[in-house]
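Chains as they are written, first to last, in this note's numbering: chain A, 26 to 280; chain B, 2 to 273; chain C, 111 to 347. Ideal Cβ positions, reconstructed from N, Cα and C, are used throughout, including at glycine.
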Amino acid sequence: MPEPKQPEKLIDDKGVRIDGRRLDQLRPIKLEVGLLDKADGSAYIEQGKNKILVGVYGPREAHPKHIALPDRAVLRCRYRMAPFSVDERKNPAPSRREMELSKVIRESLESVVLTDLYPRTTIDVFIEVLQSDGGSRCAGITAASLALADAGIPMRELVAACAVGKIQGHMALDLSDAEDKYGEADLPVAWVPNANLVTLLQMDGILTINEFEKGLTMALDACKTIHSMQQEALKKKYLVIKEVAEEREETEVVA
Amino acid sequence: MSFTPQLPPVAKLEQKTVIDLVASGKRIDDRTADSYRPLQIQVGLIEKANGSAQVSLGKSKVLVGVKVETGTPFPDTPDEGVLTVNAELGPLASPLFETGPPSEQAIELARVIDRGIRESKAVDMKSLVLLKGKKVQVVFVDIYILDHDGNLIDAASIAALAALASAKLLKAELKGDEVVYRPGLHPLPLNNHPVAVTFAKVGKTIVVDPVLEEEQVMNARLTVTIEKNGNICAMQKGGLSGFTQDELKTVVHLAVQKAAENRAKILAAAKG
Amino acid sequence: MVIVAEPKQVVAPGELLAEGDHLLGDNSFKVGTRIFSACIGIFEVDGNRVTVVPLKGGYFPRVGDLVGGRIVDVGLSGWTLDIRAPYEAMLPASETPGPRGPRRRDLSESFDVGDMVLSQVLAFDRTRDPLLTVKGPGLGKISTGRVVEISAAKIPRLIGRKGSMISMLKRETGCQITVGQNGVVMVWGKSPENERVAVEAIYMVEREAHTRGLTDRIREMIAKSNVVGEVARTQTA
């Protein structure tokens, strides 16, 4: 697919972005939990054009054995982009970017998983970006923590993530592909709400100290919104079964 | 695939010592929380490189070589030169490092340094074009870790900037299809001077320039790269835990101050 | 002491359950005086104890558990079993009943690779893999009936309060049912049809474990299937 052309302006005179959003507005987010049969836990996220599927296994026996830790589970993480997920086909061999992101995503999740309950085992998180838009690492974290919860793995809480960036001199929430590419800075953030910790923070581009502080606040506010969406999506799976079962009961009683 | 690394070979008692010292406002190597270890910068050690710098940060040692060669530009940036940053964490630097393909630690290190240089537009990429879309100069920044006693990111960042700032190259020109070099060295054009400042959260306290013992017990790490005007041009959080919003605010302000101090030392050393 | 979350409802990891001096049940943890859920599950309050009954999750061994396992390797002095835990389990030859055979006896004559064995967890801790025994009534190789594997997290619901669910299942389907804590359930019925209905009921428990009125719905489902359970048999006799 040919790359879309660079838009003339990322923000119009009325302060509206190319996809019609305000500066502090998230893209539409769709979350789904437990859609894979074989994985112990799974989740799917759509955020803008991002389409990301996450599967979790574990705790399971460590393979190879030498990576096992005596007092906790090893958390393993792979962030991967499908060759067809971007405008120009991506080489399927793991890139340096994917290796770095696998590491920082793992580190964003480590502090919430109660790994000390399962010594000598691994918990594996596979993040597959089926279609990529701006902010795929953050969407990946949002979905990964849902998949961990869906696997029934004991954890302190869900991790929510969202990026902010700078476009045409303004701090803007949740950058899309074009905004990321032609904007001035990108600041992805992952947040653990109860512990009040930022567990992923990267930045590229140029930001003043004030812009950074403003952007961080915007990102954390968005993480709060995403966090409640996560909780809702996780419970929804079970509430649907419950409703169906109980409804069947009621109709049968009437009959 | 990225996985939780093995625990550092440090006894619990030693770990406690490091944490307790930091909590009481001291450090294992007798520094304050906001001070760097002694910094030494030597440039031009490698005659065959266009630029080079060896940096000692305490007992950590890093050598960076800059080579400039002719190559082809990336298709999406036909009017810019190419910048490539690579890092090697070889076995001579630490018993924890192994031979083989680059580890995720090496990749992260190279990419954090790369981001600082690239995002601050330190190297004037436009000036490296010989024939638009066809021939450009490629700047290779190769980071060699010689001794690992903590905070490799800052040591590498300082060495990379010193090597770039002291790099000299022949004037390249295109004569027909051939690249010819004119005699007389001139400096590599630099527009900015990014400097990485790394913090570690040890217990509940944040220290700058963590030594290896502190890295082995830290909860989390944060690198803030500051460009010459005092703006942030790259950030990277590492480690298994995280930072609060207030901690992050404090840290970025300190980063601006520390980066300015180190930048002055780097540029002075690069001038020779 | 305040109960914050609504009892009997689904809670997510990190959700505040209660504040104060409650006893910590399974899948809950404390930060200061606040108690949070550690998994997706049903919040239960039992006196002063707060617990989350997980809706999903694998099996983690405990000493004394009855487990169904598949033989994956036969060694010189024992067998290796897959008991659906994150650890491989060992069954030493010395933990089989009867007189010890000659030393060089081939262990595969007793249990061979692929055999399903009902055993009990004899020893297990954080540092050692689980050790099994088949010394005990009802333990040993399973060669008849049907084996169903469900999520280990649903086993408490399959057993029910004071065994209510499993007794009902046995009674209504006329099947003998043995429940392994690791989610391996063994069913023996007087006909394949009885076994089929029992298996269907077990899967229904797994699927709808967190819904209300489940026992009644399952009883109805079995009744509709026309299999004859124990109650019916005594009536005809």
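Asked                                                                                                                                                                              : Found
How about A:Pro108: is its C-beta nearer than 8 angstroms to some C-beta of chain C?                                                                                               : no
Could you pull the start and end residues of the alpha helix (DSSP H) that B:Asp155 belongs to?                                                                                    : 153 to 166
My output table needs one value for B:Glu179: the three-state DSSP class, helix, strand or coil.                                                                                   : strand
Whole-angstrom Cβ separation of A:Ala132 and B:Leu8, contact assumed at under 8 angstroms?                                                                                         : For the sequence presented, residue 132 of chain A should be read as Glu rather than Ala. 15 angstroms between Cβ atoms; not a contact.
Against C:Thr288, what residues of chain F qualify as contacts under a CB-to-CB distance less than 7 angstroms, listed in chain order?                                             : Chain labels in this structure do not include chain F; the protein chains are A, B and C.
Is it true that the segment 225 to 237 of chain A meets the segment 183 to 198 of chain A, where meeting means three or more beta-carbon pairs spaced less than 8 angstroms apart? : yes
Restricting to runs no shorter than 4 residues, where is the alpha helix (DSSP H) found entirely within the segment 188 to 252 of chain B?                                         : 213 to 216
Can you give the Cα-Cα distance for C:Val337 and C:Val307, rounded to whole angstroms?                                                                                             : 8 angstroms
Could you tell me whether any Cβ in chain C is nearer than 8 angstroms to the Cβ of A:Ile266?                                                                                      : yes
On the three-pair Cβ rule with 8 angstroms, is the segment 143 to 162 of chain C touching the segment 124 to 134 of chain C?                                                       : yes
Determine which residues of the segment 44 to 57 of chain A have a Cβ less than 8 angstroms from any Cβ of chain B, and write them out in chain order.                             : none
From the beta carbon of A:Gly159, is the nearest beta carbon of chain C less than 8 angstroms away?                                                                                : no
Taking only beta-carbon atoms, is A:Lys261 less than 8 angstroms away from chain B?                                                                                                : no
Which residues in chain A have a C-beta closer than 8 angstroms to the C-beta of B:Arg112? List them in chain order.                                                               : Arg121, Arg122, Glu125
Taking the alpha-carbon of A:Asp18 as reference, which of A:Pro108, A:Trp216, A:Gly208, A:Ala87 has the nearest alpha-carbon?                                                      : Outside the modelled stretch of chain A, which goes from 26 to 280, sits residue 18 of chain A, for which no answer is possible.
Per DSSP, which one or two residues make a beta bridge with A:Pro213?                                                                                                              : A:Ala188
Write down the C-beta distance between B:Ser121 and A:Arg101 rounded to the nearest angstrom, noting that I regard them as a contact closer than 8 angstroms.                      : Rounded, the Cβ-Cβ distance is 34 angstroms, inconsistent with contact.
What ranges does the beta strand (DSSP E) occupy inside the segment 85 to 125 of chain A, keeping only unbroken runs of at least 3 residues that lie completely in it?             : 99 to 106
Quick one: which unbroken beta strand (DSSP E) runs of 3-plus residues sit fully inside the segment 176 to 217 of chain C? Chain order, please.                                    : 176 to 184, 188 to 192, 199 to 202
Any C-beta of chain A within less than 8 angstroms: which residues of the segment 226 to 258 of chain B qualify?                                                                   : Glu228, Gly231, Asn232, Ile233, Cys234, Ala235, Met236, Gln237, Lys238, Gly239, Gly240, Leu241, Ser242, Gly243, Phe244, Thr245, Gln246, Leu249, Lys250, Val253, His254, Val257
Using the Cβ count rule (16 or more neighbours within 10 Å means buried), how would you classify C:Leu268?                                                                         : buried
Helix, strand or coil, according to DSSP, for A:Tyr263 in the structure here?                                                                                                      : helix
Any idea which residues DSSP pairs A:Leu225 with across the strands?                                                                                                               : A:Ala215
A:Leu259 and A:Ala174 - do their beta-carbons sit closer together than 8 angstroms?                                                                                                : yes
Compare the C-alpha of A:Pro213 against each of A:Ser67, A:Pro32, A:Met196 and name the closest.                                                                                   : A:Met196
Looking only at C-alpha atoms, which of C:Phe234, C:Trp189, C:Phe153, C:Leu242 sits nearest to C:Val223?                                                                           : C:Trp189
Are there three or more Cβ pairs, one per stretch, closer than 8 angstroms when the segment 56 to 71 of chain A is compared with the segment 211 to 225 of chain A?                : no
Strictly by DSSP, which residues pair up with C:Ile252?                                                                                                                            : C:Met226
Please list, in chain order, the chain A residues whose beta carbon lies closer than 7 angstroms to that of C:Cys285.                                                              : Per Cβ cutoff of 7 angstroms: no residues; C:Cys285 is ~23 angstroms from chain A at best.
By alpha-carbon positions, which one of C:Val258, C:Ser220, C:Val257, C:Ala199 ends up nearest to C:Asp235?                                                                        : C:Ala199
Which residue marks the beginning of the beta strand (DSSP E) containing A:Gly165, and which one marks its end?                                                                    : Unbroken run through A:Gly165 is the alpha helix (DSSP H), 161 to 175; no beta strand (DSSP E).
Among A:Tyr207, A:Val79, A:Lys267, A:Val223, which one has its Cα closest to the Cα of A:Glu28?                                                                                    : A:Tyr207
Compute the Euclidean distance between the alpha carbons of C:Phe146 and C:Phe153, then round it to the nearest angstrom.                                                          : 10 angstroms
Report back the beta-carbon spacing between C:Met275 and C:Thr325 to the nearest angstrom; my notes put them in contact at under 8 angstroms.                                      : 6 angstroms
Report the three-state DSSP secondary structure of A:Lys249 (helix, strand or coil).                                                                                               : helix
Could you run through the segment 209 to 225 of chain A and flag, in chain order, every residue whose CB is less than 9 angstroms away from some CB of chain C?                    : Val217, Pro218, Asn219, Ala220
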